[in-house]
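If you count the sequence shown from 1, position 48 lands on 48 in the UniProt record's numbering, and the numbers rise without skipping.
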Amino acid sequence: MQVSGLRETKKAATRAALSRAAAKIALFDGPEALTVASIAAAAGVSPRTFHNYFQSREDALFEFMVIRVQELTAQLDKLPVELDPRDAIEQLVVTHLRDGDSELNSFSAMFRIGEILETLESTTCSLDRDVLIDPLVKFLRARDPHLDEFDAAILIHLNAAAIATSLQTFYRHPEPRDVEDGVALIRRACSWIKR
1 MQVSGLRETK KAATRAALSR AAAKIALFDG PEALTVASIA AAAGVSPRTF HNYFQSREDA
61 LFEFMVIRVQ ELTAQLDKLP VELDPRDAIE QLVVTHLRDG DSELNSFSAM FRIGEILETL
121 ESTTCSLDRD VLIDPLVKFL RARDPHLDEF DAAILIHLNA AAIATSLQTF YRHPEPRDVE
181 DGVALIRRAC SWIKR
């Protein structure tokens with residue numbers, strides 16, 4: 001591997017480590033504990049190094065969301081092409097719920113981080129929400145050529161709302177929760193979109 005390739009790989013790893021550290025702190029310690037110093041310390045770098053990668057704590061947290069959407073889109077791309085894209089999204093969520101993702105990689109964590117970002121966003125934060133939607137829009141349009149960009153974006157937002165409502169309802173159930181109750185809620189919510 002060339003020196004520049006190794007350097008870029010190391011930079012990408014540091015950027016990912018900072019974004020994961022931001023997500024962990026926001027989820028497990030609360031947004032009030034989310035500071036540049038705490039993120040840098042959790043990632044094992046200095047605050048100065050943090051600022052080489054991100055302008056703000058919000059940017060680091062948003063990067064975690066971008067990475068998760070890219071990972072999820074890659075998983076969607078691996079599903080059979082003949083599977084309807086709406087069914088593919090539903091299947092992915094159900095599989096993740098049944099497999100019991102690590103708490104940080106769960107859909108529940110993504111929704112909580114989204115809520116935290118909404119409360120933290122400052123006027124200096126330059127979050128481009130299209131970055132989260134674009135990979136999913138491309139997936140839908142590749143699987144269903146009849147969808148234009150607007151329709152695909154609407155479908156993504158409808159699915160996100162349906163899945164978020166399902167998971168919020170499921171996670172409000174008292175412990176121990178039966179995963180199949182969550183699956184039933186997801187399937188019920190997604191069925192509204194398919195009507």
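Just so you know, even glycine gets a beta-carbon here, dropped at the ideal spot from N, CA and C.
Which class does residue i belong to by DSSP, given the choice of helix, strand or coil?
i: residue 240; result: Residue coverage of the chain in this structure runs from 1 to 195, which leaves residue 240 outside it and unanswerable.
i: D84; result: coil
i: G5; result: helix
i: T14; result: helix
i: Q55; result: coil
i: L27; result: helix
i: V45; result: coil
i: T35; result: coil
i: I193; result: helix
i: S106; result: coil
Using a Cβ cut-off of 9 angstroms (strictly closer), state whether residue i contacts chain B.
i: F111; result: Judged by its chain identifiers, the structure shown contains no chain B, having just a single protein chain.
Measuring alpha carbon to alpha carbon, tell me which residue in the options is nearest residue i.
i: I89; options: T9, A184 and F139; result: F139
i: L97; options: Q168, K24 and I25; result: Q168
i: T73; options: V137, P174 and L155; result: V137
i: S38; options: S166, G182, A22 and P145; result: A22
i: S166; options: A153, C190 and P176; result: C190
i: E103; options: I133, L185 and F28; result: F28
i: D99; options: T9, G182 and V45; result: G182
i: A164; options: A42, D130, Q55 and I186; result: I186
i: S108; options: I154, R172, A152 and K10; result: R172
Grab me the residues of residue i's own chain with a C-beta within less than 7 angstroms of its C-beta, minus the 5 sequence neighbours each way, in chain order.
i: T35; result: R57
i: Y53; result: T14, R15 and L18
i: A40; result: S46, P47, T49 and F50
i: V66; result: V131 and L132
i: A42; result: A21, K24 and I25
i: F170; result: R177, D181, G182 and L185
i: residue 204; result: Residue 204 lies beyond the range of the chain shown here (1 to 195); nothing can be said about it.
i: D148; result: none
i: A33; result: I25
Suppose the cutoff is 8 angstroms on Cβ atoms and the five residues either side in sequence are ignored; what does the same chain contact list for residue i look like?
i: P31; result: I116, T119 and L120
i: W192; result: A162
i: P135; result: V69, Q70 and T73
Suppose the cutoff is 6 angstroms on Cβ atoms and the five residues either side in sequence are ignored; what does the same chain contact list for residue i look like?
i: R7; result: none
Segment contact, 8 angstroms Cβ cut-off, at least three pairs: the region 84-103 with the region 153-163: yes
Ranges of the alpha helix (DSSP H) found wholly within the region 114-185, counting only runs of at least 4: 130-143 and 149-172
Touch test, the region 58-73 against the region 96-113, Cβ-Cβ under 8 angstroms, three pairs minimum: yes
Stretch-stretch touch, CB-based, cutoff 8 angstroms, three pairs: the region 139-155 with the region 69-85: yes
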